[in-house]
Amino acid sequence: MEKKFEYRGDLAVTPLPEILATIERYRVPGSLSIESGSRHRCIYLDRGVVVFATSDEPEVR
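Using my numbering, you'd call the opening residue of the sequence shown number 937 and step up by one each time.
Structure representation (structure tokens):
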């Protein structure tokens, strides 16, 4: 059985590169959802490696 990993925090406190490095170190699979106001982005991971990313803003896709 896989352990569920959930982290909630503020990117001003823990920068995204640090979060991604931790995810890679522990080979965490799944997705990372990032929200700011009405903007939403999602980073998909396979064993800690980024494999795909999406955004609700067409200009940053």
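We put the beta carbon where it would ideally sit given N, CA and C, even for glycine.
As the structure is a computational prediction, the values presented were derived from the model and not from experiment.
Judged by beta-carbon spacing, PRO965 lies beyond the 7 Å limit of ARG977, meaning their Cβ atoms are not closer than that value. Rounded to the nearest angstrom, the gap between the Cα atoms of VAL996 and TYR980 is 16 Å.
Of all alpha-carbon atoms in SER974, LEU968, SER972, ARG975, the one lying nearest the alpha-carbon of ALA989 is that of LEU968.
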